[in-house]
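Notes follow the structure.
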Amino acid sequence: MQSTKSLFENIRNDFPILKRIVRDNKQLVYLDNASTTQKPNQVIDAITDYYRNHNANIHRAVYALAEEATEAYEASRDKIANFINVKNRQEIIFVRGTTEAINLVAYAWGRPHINEGDIIVTTEYEHHSNIVPWQLLTQEKRAKLEYIGMDDNGELILDDLDKYLATGKVKLVTFSLMSNVLGTITNAEKIIEKCKAAGVPTLVDGAQAVPHMKVDLEKLGCDFFAFSGHKMLGPTGIGVLWVRKSVLETMSPFHGGGDMIREVHKYETTWNDLPYKFEAGTPNIADVVGLGAAIDYLTKIGMDNVREHEIELTKYAIEKLSAVKGLHIYGTQDISKRGGVISFNFADVHPHDVAQIVDGEGIAVRSGHHCAQVLMERLNVAATSRASFYIYNTKQDIDILVNSLNIVAKVFKL
Amino acid sequence: MSGNADIYHEMIVDYSRNPINYGEIENHDVTFHDSNPLCGDSIDIDMKIDQDKVTDIKFHGKGCAICMACSSVLTEITKGKTIDEARAIEKNDVLGELGLEHLQAVRIKCALLSLKVLKSALYTYIGKNLSETQDVDKLKEEADNLY
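Keeping their order, the protein sequence lines are chains Y and B.
What the first sequence shows, in this note's numbering, is residues 1 to 414, in sequence order.
What the second sequence shows, in this note's numbering, is residues 1001 to 1147, in sequence order.
As structure tokens, this is what we get:
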């Protein structure tokens, strides 16, 4: 049995991109993992192997390749079911990513279920993908969109939820399991418990959580759950929507086309079984296979080890960054309530200028509003800089970031 | 200083700390607001226009050092120009003043946001005072091809 430490030391060898030299002969330091993660050889090879040796369309033809492709595609569905502890594989729908998953729910569940005067509740720290689809839906239906507020510590004010639930008009509560800006881990159990008591379904955006901690849907008890493959070592363009079967059965189709039908006649069509009713057209087979390989990779490391590694890095980063004069970190300092995402501002220097200068040192951090302008308004800032960690990051990466901030201080005479 | 810090020379840092022509004009003849959806930079420009001449111009908003420095320079260049002269201001007129001609593609929108706002403000003003001879399509084309 490998020790956790050596396990993480060897991980970097699996990621060819981490050997890249960028800018002025600088070794790449990749700290934008909340945006997308790098891919290990195992994922790259799985996709290449699929195209080299197994490529065929799935679910129809009887020849050998088609059987292999179908098997590989459906095997990934089973891997995902195991990974997030879902008992029924029919509840797992492949989509392009979290954004498409939420839009699918807004369209296929929302349109038949939301009426004038109804309320959909989201939160102040959502990504635009968990705000805009609900704005579109509530505007169309003359329903209302309300927000659970956030306190100065970056945690949700659950009294707001009670207030909305008390109206009896709430038809859906939707929230992210982890904020992509503050790293706050949402008290999902509490929210879902309250919603269940009120008979209100819940949607959980797991885009930031699934890659970084063990997620158990059986235990969580929500009704809709979405996440993306590319934030967890998998390819871009593939994600997952899970919907509780009893809810899925009440949903209209999303896209019409091949594979989602049982019988098509001139003027009417009957739908295929779940989950295929929601997977119209030839799906992204290769990337589903790639996502399966990413899940194998993470499973081998163990999600508890992933979380432990990130807790250690985040603790270290908060300690080192807090020591930089003039640097302000947003969100809670309680490490048990936050993932490996640190948003900060450095004195009066605009985050773009920070990002540009540290980029010169080979460091990839994100600057901007992080697709969370509602949260930026709440924090009363135009933008933040954000460093976010993953399994291949080291304390040395954080040291390099902190050192590069000295250059920022020098340039801007801080 | 190495790498990307080079573009942040004295002038840019100074302008970002102490922007020129920063503020609002109460009785402006035209005002325009625009933002960069990618980064959230946001600029307003107010102008006083007297007999076809930009007699006063001020900007306000939020942006990075590049954005603030370029806005300062742009307003300095524009003040006193006729509308046609102001319309003829090109991106290199602004970038050249600050030695930013070779700014990388992702930052060029920071540098030119205020130029876009200025042109939009000018078109708005012209549009309001449009005479029949003026070519609206040409104005639109000019606006679309700004970057």
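Beta carbons: idealized from backbone N, C-alpha and C, even for Gly.
Closer than 8 angstroms to chain Y by CB, B:K1053: By one-based count along the second sequence, residue 1053 of chain B stands at place 53. Not an interface residue.
For B:I1057, three-class secondary structure by DSSP: Counting from 1 along the second sequence, the entry for residue 1057 of chain B is found at position 57. B:I1057: strand per DSSP, three-state reduction.
Contact under 8 angstroms by Cβ, B:D1041 with B:C1110: The residue given as residue 1041 of chain B occupies position 41 in the second sequence. The residue given as residue 1110 of chain B occupies position 110 in the second sequence. Going by C-beta atoms, B:D1041 is nearer than 8 angstroms to B:C1110.
Residues, ordered as in the chain, of the region 1033-1052 of chain B that lie near chain Y by beta-carbon distance below 8 angstroms: Contacts with chain Y (Cβ-Cβ distance below 8 angstroms) from the region 1033-1052 of chain B involve L1038, C1039, G1040, D1041, S1042, listed in chain order.
Burial state of B:T1133 (16 or more Cβ within 10 Å): Locating residue 1133 of chain B in the second sequence gives position 133, where the first residue counts as 1. Any reading at B:T1133 needs caution, since the residue's pLDDT is 48, under 50, leaving its predicted position unreliable; the model's value is listed next. That one is exposed.
Beta-carbon separation (whole angstroms), Y:F278 vs Y:L104, contact threshold 8 angstroms: As a working mapping, residue 278 of chain Y is identified with position 278 in the first sequence. As a working mapping, residue 104 of chain Y is identified with position 104 in the first sequence. Y:F278 to Y:L104, Cβ: 7 angstroms. Contact.
Chain Y residues whose Cβ lies nearer than 9 angstroms to that of B:A1063: Stepping through the second sequence from its first residue, residue 1063 of chain B is reached at position 63. The identity of residue 1063 of chain B in the sequence shown is Gly, whereas the question assumes Ala. Ordered by position in chain Y, the residues that pass the 9 angstroms Cβ test against B:G1063 are H350, H352, A382.
8 angstroms contact criterion, which Y:V215 and Y:I21 should meet: CB distance rounded: The residue you call residue 215 of chain Y lines up with position 215 of the first sequence. The residue you call residue 21 of chain Y lines up with position 21 of the first sequence. The beta-carbon distance between Y:V215 and Y:I21, rounded to whole angstroms, is 36 angstroms. This is too long to meet the 8 angstroms contact definition.
Contact residues within the region 148-176 of chain Y, judged by C-beta distance below 7 angstroms to chain B: Sequence-ordered contacts of the region 148-176 of chain Y with chain B are nonexistent [C-beta pairs closer than 7 angstroms].
Residues that Y:E263 bridges to, as DSSP identifies them: Here residue 263 of chain Y corresponds to residue number 263 of the first sequence, with the count starting at 1. In the DSSP output, where bridge partners are listed per residue, Y:E263 has Y:T270.
Y:V288 vs Y:F94 beta-carbon contact at 8 angstroms: If you number the first sequence from 1, residue 288 of chain Y lands on position 288. If you number the first sequence from 1, residue 94 of chain Y lands on position 94. Here Y:V288 is near Y:F94, since their CB atoms are less than 8 angstroms apart.
B:A1069 in three-state terms, based on DSSP: Numbered from 1 along the second sequence, position 69 holds the residue referred to as residue 1069 of chain B. DSSP, read as helix, strand or coil, puts B:A1069 in helix.
With 16 other Cβ atoms within 10 Å as the buried cut-off, status of Y:P112: As a first step, residue 112 of chain Y must be located in the first sequence, where it is residue number 112. Burial call: exposed.
CB contact below 8 angstroms: B:C1070 versus chain Y: Residue 1070 of chain B sits at position 70 when you count from the first residue of the second sequence. Not an interface residue.
CB of Y:P133 within 8 angstroms of CB of Y:A166, strictly: What you label residue 133 of chain Y is simply residue 133 of the first sequence in a count that begins at 1. What you label residue 166 of chain Y is simply residue 166 of the first sequence in a count that begins at 1. The beta carbons of Y:P133 and Y:A166 sit no closer together than 8 angstroms.
The region 1052-1072 of chain B touching the region 1018-1031 of chain B, judged by at least three CB pairs closer than 8 angstroms: Touching, per the Cβ criterion.
Against chain Y: residues of the region 1012-1023 of chain B by CB proximity under 7 angstroms: Within the region 1012-1023 of chain B, the residues whose Cβ lies closer than 7 angstroms to some Cβ of chain Y are V1013, listed in chain order.
Whole-angstrom C-beta distance between Y:Y73 and Y:I92, which should lie under 8 angstroms: On the first sequence, residue 92 of chain Y is found 92 positions in, with the first residue counted as 1. On the first sequence, residue 73 of chain Y is found 73 positions in, with the first residue counted as 1. Their Cβ separation, rounded to whole angstroms, is 12 angstroms, which puts Y:I92 and Y:Y73 out of contact at 8 angstroms.
Sequence-distant residues of the same chain with beta carbon closer than 7 angstroms to B:M1001, five excluded per side: To locate residue 1001 of chain B, count along the second sequence from 1; it is residue 1. In this prediction, B:M1001 has a pLDDT of 48, which is less than 50 and means its spatial position is unreliable; nothing more can be read from the coordinates.
Y:Q356 beta carbon less than 8 angstroms from that of B:N1004: Taking the first residue of the second sequence as position 1, residue 1004 of chain B is located at position 4. Taking the first residue of the first sequence as position 1, residue 356 of chain Y is located at position 356. In this structure, B:N1004 sits near Y:Q356, with a CB-CB distance shorter than 8 angstroms.
Inter-residue Cα distance where the pair is Y:M1 and Y:E9: Sequence index remark: in the first sequence, residue 1 of chain Y carries index 1 (1-based). Sequence index remark: in the first sequence, residue 9 of chain Y carries index 9 (1-based). Note that Y:M1 scores 49 on pLDDT, short of 50, meaning its location in the model is unreliable; the coordinates nonetheless yield the value given after this. The alpha-carbon separation between Y:M1 and Y:E9 amounts to approximately 15 angstroms.
Sequence-distant residues of its chain with Cβ nearer than 6 angstroms to Y:L28 (five each side left out): Taking the first sequence and counting its residues from 1, one reaches residue 28 of chain Y at position 28. Here the set comprises R20, V22, G362.
The alpha helix (DSSP H) enclosing Y:H309, as first and last residue numbers: In the first sequence, counting from the first residue as 1, residue 309 of chain Y sits at position 309. Looking at the DSSP string, the run of the alpha helix (DSSP H) that includes Y:H309 is 303-322.
C-beta neighbour in chain Y for B:A1105, strict 8 angstroms: Indexing the second sequence from 1 puts residue 1105 of chain B at position 105. For B:A1105, the answer is no, since every Cβ of chain Y falls outside 8 angstroms of its Cβ.
Partner residues on chain B for Y:F412, Cβ-Cβ distance less than 9 angstroms: The residue you call residue 412 of chain Y lines up with position 412 of the first sequence. Chain B residues near Y:F412: Y1008, V1013, S1016, R1017, A1065.
Y:V341 beta carbon less than 8 angstroms from that of Y:L182: For the purposes of this step, residue 182 of chain Y is identified with residue 182 of the first sequence, where counting begins at 1. For the purposes of this step, residue 341 of chain Y is identified with residue 341 of the first sequence, where counting begins at 1. A contact, by the Cβ cut-off of 8 angstroms.
Neighbourhood of Y:R218 by C-beta distance below 6 angstroms, restricted to the same chain and skipping five residues each side: Here residue 218 of chain Y corresponds to residue number 218 of the first sequence, with the count starting at 1. Arg is not the amino acid found at residue 218 of chain Y; the sequence shown has Glu there. Listed in chain order, the non-local C-beta contacts of Y:E218 below 6 angstroms within the same chain comprise N85, local neighbours out to five positions each way being set aside.
Supposed close pair Y:T123, Y:L156 - CB separation, criterion 8 angstroms: For the purposes of this step, residue 123 of chain Y is identified with residue 123 of the first sequence, where counting begins at 1. For the purposes of this step, residue 156 of chain Y is identified with residue 156 of the first sequence, where counting begins at 1. With 8 angstroms as the limit, Y:T123 and Y:L156 qualify as a contact, their Cβ atoms being about 6 angstroms apart.
Neighbour list for B:A1005 in chain Y, Cβ cutoff strictly below 7 angstroms: Along the second sequence, read from residue 1 onward, the residue named residue 1005 of chain B stands at position 5. Those within 7 angstroms of B:A1005 in chain Y are I357, G360, I407, V411.
Exposed unless 16 or more other CB atoms sit within 10 angstroms - verdict on Y:R262: What you label residue 262 of chain Y is simply residue 262 of the first sequence in a count that begins at 1. Exposed, since its Cβ has fewer than 16 Cβ neighbours within 10 Å.
Inside the region 108-138 of chain Y only - beta strand (DSSP E) runs reaching at least 3 residues: Unbroken beta strand (DSSP E) runs of no fewer than 3 residues, entirely contained in the region 108-138 of chain Y, are found at 119-123, following chain order.
Close beta carbons around Y:K190, own chain, < 8 angstroms, minus the five adjacent residues each side: For this step, residue 190 of chain Y is matched to residue 190 along the first sequence. Excluding sequence positions up to five before and after Y:K190, its CB lies within less than 8 angstroms of the CB of L158, all in the same chain and listed in chain order.
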